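First to last, the sequence lines map onto chains A and B. Just so it is clear: in the first sequence, position 194 is 194 by the working numbering, and no numbers are missing. Convert by adding 248 to the 1-based position in the second sequence; the result is the number in the working numbering. Note that beta-carbon positions come from the ideal geometry of N, C-alpha and C, so glycine has one too. In this text, all values refer to a predicted model and were calculated from it rather than measured experimentally. A quick write-up on the structure given underneath.
There are 2 protein chains.
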Amino acid sequence: MQIKPVKQNKITSAVACKNCSLSNFCLPRGLSSSEMELLEVSISKSKKIKKREYLYTSNSEQAGLYAIKSGSIKTFLSNESGEEQILGFHLPGDLVGFDAFYTGKHNCSAQALDDTLVCELSINNFEALCEKLPAMRHEMMHQVGKEIQHDHIVMLTLGQMQTEERLATFLLSISQRNVARHFSGTEFQLAMPRRDLANYLGMAVETLSRIFSRLQENGIIEVKRRVIRILDLETLRSLAHSSCRDSE
Amino acid sequence: MQIKPVKQNKITSAVACKNCSLSNFCLPRGLSSSEMELLEVSISKSKKIKKREYLYTSNSEQAGLYAIKSGSIKTFLSNESGEEQILGFHLPGDLVGFDAFYTGKHNCSAQALDDTLVCELSINNFEALCEKLPAMRHEMMHQVGKEIQHDHIVMLTLGQMQTEERLATFLLSISQRNVARHFSGTEFQLAMPRRDLANYLGMAVETLSRIFSRLQENGIIEVKRRVIRILDLETLRSLAHSSCRDSE
DNA sequence: CGGCCCGTTGACATGAATCAACGCACGTGG
DNA sequence: CCACGTGCGTTGATTCATGTCAACGGGCCG
């Protein structure tokens, strides 16, 4: 039987926040319905970014914050030598743009991995809402904290884990994100090519490919290019936590 | 001649924010003097943390935010396998505690590297100030953005750079932080032992030690345990940016 | 239909980790 | 104030994980 996993939810029209299936992840999360109406009118909905186009680029002025409605976005940092580090893959319900709060200019770039729809909250409207709605301020700190926590976990992954642990950790996080969005936690399609994933995980593409193959040989996952099926969640979990030499 | 670098500024009494030498880095940065007075009364000053004591620990309830007045703090994350990743070293003027905004509980621990003094802004007072002072909200986002940007750079460092590049990058960042604080950018004392620095930079202690030795042999820096003197800033910069194989 | 990019696999090179030993600072207690 | 012990930092020998180089097949898009 052929697997045909749901890649993402398709939202093509400009639904209201209160009717949006993502409202539990997104900014409206902690708002009452009256508060949500204020948010509603402050947001410009359904900004379209085609695959490979940029939502914003490094050093550009911060225009606002963006909630992803459908599709997916990668954020990445470049340095003087032209090396890039992918900082995160962002799925529907995620917010991006916080990286510009330090200087008012973005310190990283955001590029669409697929055709993507985002809601935009301009920085002026953002400030106005923070002024009016305590719940909104609170929710914003919540979202910022989420970003920080994510970044910390990536640091732990890159700094301490072996390559296999890193991939296992990544697959589990994707799985969890899907479960939270009521998608399958065991069958999904990756939005990014191997090159991007390898970069994010701090390893060579070949190494990543070998680990995929090894996990498949061991019956832990099934891999068909970007379509992943987790067969043995428990073993995958143990791989993600296996320290240096205390497990085999 | 023996180098005796300033380790940190010693502030022993509870000075007012407006008289504090750190007010340009710390929360008061963007505030008018009337606003600063409101901040002033919301802060409990001079909380003392002895060397090796914790300011907060992972999973503990968020009590507030902390501005470092003197001394130094390391923050670190632990995983299920007991591996630790040091997330940052925080110097006077830095704010810590944002990591708890996601869940209300800290996702990392903060431990003093030296005897340390901090100002504490309780979470209730924080919310109250955000309500009253737009400038304070703005400044808070600024500080949060700083943390995010720092984390991004660490990701780039851990994910893309060779060990030597990582150390060079770190030394330059310390140098810059010192310059910003009107200390020497070429002579300073590291607050952390080799073990912590190696962990932060994602390498073995022995590797770190070897790189220190090599940089010294090449006349780029002078190393006497934790006392560092940068002799050739330009070369150090080039090492920090040297990509894969285009420089030697 | 054809070219190109994506992903995989193999052979090999190498940077960094590990294991081991040692000397020196520093704090502690006599 | 000195002696001692302990932990910090360094260095050497060796192993190992991962990167690099190379080749290839297969899917996708023009």
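Roughly how many whole angstroms lie between the Cα atoms of Gly88(A) and Phe76(A)?
On the first sequence, position 88 is the one that residue 88(A) refers to. On the first sequence, position 76 is the one that residue 76(A) refers to. Between Gly88(A) and Phe76(A), the C-alpha separation is close to 7 Å.
Report all residues from its chain with a CB closer than 8 Å to the CB of Thr207(A); omit the five preceding and five following residues, and keep chain order.
Numbered from 1 along the first sequence, position 207 holds the residue referred to as residue 207(A). Hits under 8 Å: Thr163 and Ala198.
From Gln8(A) to Glu53(A), what distance separates their C-alpha atoms?
Counting from 1 along the first sequence, the entry for residue 8(A) is found at position 8. Counting from 1 along the first sequence, the entry for residue 53(A) is found at position 53. In this prediction, Gln8(A) scores a pLDDT of 42, lower than 50, which makes its location untrustworthy; no coordinate-derived value is stated.
His90(A) in three-state terms, based on DSSP:
Working through the first sequence from its first residue, we reach residue 90(A) at position 90. The answer is strand: DSSP assigns His90(A) an E or B state.
Residues in the stretch 146 to 161 of chain A having any Cβ partner in chain B nearer than 8 Å
Lys146, Glu147, Ile148, Gln149, Asp151, His152, Ile153, Val154, Met155, Leu156, Leu158, Gly159, Gln160 and Met161
I need the boundaries of the beta strand (DSSP E) containing Ile221(A), first residue and last residue.
By one-based count along the first sequence, residue 221(A) stands at place 221. Looking at the DSSP string, the run of the beta strand (DSSP E) that includes Ile221(A) is Ile221 to Lys224.
Closer than 8 Å, Cβ to Cβ, to anything on chain A: give me those residues from the stretch 336 to 353 of chain B, in chain order.
Phe346, Asp347, Ala348, Phe349, Tyr350 and Thr351
Thinking C-alpha only, which one of Val366(B), Glu332(B), Asn373(B) and Ser457(B) is nearest Arg474(B)?
Numbered from its first residue, the second sequence carries residue 474(B) at position 226. Of Val366(B), Glu332(B), Asn373(B) and Ser457(B), the residue nearest in Cα terms is Ser457(B).
Cβ of Gln437(B) less than 8 Å from any chain A Cβ?
As a working mapping, residue 437(B) is identified with position 189 in the second sequence. With 8 Å as the cut-off, Gln437(B) does not count as an interface residue toward chain A.
Secondary structure at Ala67(A), three-state DSSP: helix, strand or coil?
On the first sequence, position 67 is the one that residue 67(A) refers to. Of the three classes helix, strand and coil, the one that applies to Ala67(A) here is strand, per DSSP.
With contact counted as at least three CB pairs below 8 Å, one residue from each stretch, are the stretch 126 to 143 of chain A and the stretch 312 to 320 of chain B in contact?
no
From this set, Val15(A), Leu22(A) and Ala240(A), which residue's C-alpha is nearest His182(A)'s C-alpha?
Your numbering for residue 182(A) matches position 182 in the first sequence. Looking at the Cα atoms, Leu22(A) is the closest of the given residues.
Taking the C-alpha atoms as reference points, what is the distance between Asp494(B) and Leu484(B)?
Position 246 of the second sequence holds residue 494(B). Position 236 of the second sequence holds residue 484(B). In this predicted model, Asp494(B) has a pLDDT of only 34, less than 50, meaning its place in the structure is not dependable; the value taken from the coordinates is given anyway. If I take the Cα positions, the gap works out to 16 Å.
Going by C-alpha distance, which of Leu479(B), Cys356(B), Val471(B) and Gly330(B) is nearest Ser242(A)?
Taking the first sequence and counting its residues from 1, the one referred to as residue 242(A) is at position 242. Comparing Cα positions, the closest option is Gly330(B).
How big is the Cα-Cα spacing for His142(A) and Gln359(B)?
As a first step, residue 142(A) must be located in the first sequence, where it is residue number 142. As a first step, residue 359(B) must be located in the second sequence, where it is residue number 111. Roughly 24 Å separates the two Cα atoms.
Between the stretch 36 to 48 of chain A and the stretch 115 to 122 of chain A, do three or more beta carbon pairs fall short of 8 Å?
yes
Using a beta-carbon distance below 8 Å, is Leu325(B) in contact with chain A?
To locate residue 325(B), count along the second sequence from 1; it is residue 77. Closer than 8 Å to some Cβ of chain A, the Cβ of Leu325(B) qualifies, so yes.
What is the C-beta distance between Gln85(A) and Leu404(B), in whole angstroms, given that I count them as a contact (C-beta under 8 Å)?
Translated into the one-based positions of the first sequence, residue 85(A) becomes position 85. Translated into the one-based positions of the second sequence, residue 404(B) becomes position 156. Their Cβ separation, rounded to whole angstroms, is 4 Å, which keeps Gln85(A) and Leu404(B) in contact under 8 Å.
Provide the residue(s) that pair with Tyr302(B) in DSSP beta bridges, ordered along the chain.
Taking the first residue of the second sequence as 1, we reach residue 302(B) at position 54. Partner(s): Gln359(B).
Three-state secondary structure (DSSP) at Ser122(A)?
Sequence index remark: in the first sequence, residue 122(A) carries index 122 (1-based). Strand at Ser122(A).
Would you kindly work out how many angstroms separate the C-alpha atoms of Ile148(A) and Lys266(B), rounded to a whole number?
The residue you call residue 148(A) lines up with position 148 of the first sequence. The residue you call residue 266(B) lines up with position 18 of the second sequence. So the alpha carbons of these two residues sit roughly 30 Å apart.
Can you give the Cα-Cα distance for Leu239(A) and Glu165(A), rounded to whole angstroms?
On the first sequence, residue 239(A) is found 239 positions in, with the first residue counted as 1. On the first sequence, residue 165(A) is found 165 positions in, with the first residue counted as 1. For Leu239(A) and Glu165(A), the distance between alpha carbons rounds to 6 Å.
Spatial neighbours of Lys298(B) within its chain, please: C-beta separation below 7 Å, excluding the five flanking residues on both sides.
Locating residue 298(B) in the second sequence gives position 50, where the first residue counts as 1. Only Ala360 and Asp363 meet the Cβ criterion.
So Gly202(A) packs on Leu158(A), CB below 8 Å; how close in whole Å?
The residue you call residue 202(A) lines up with position 202 of the first sequence. The residue you call residue 158(A) lines up with position 158 of the first sequence. Yes, Gly202(A) and Leu158(A) are in contact; Cβ-Cβ is about 5 Å, under 8 Å.
Applying a beta-carbon distance threshold of less than 7 Å, which residues of chain B neighbour Asn107(A)?
Counted from its first residue, the first sequence places residue 107(A) at position 107. Residues of chain B passing the Cβ test: Gln397 and His400.
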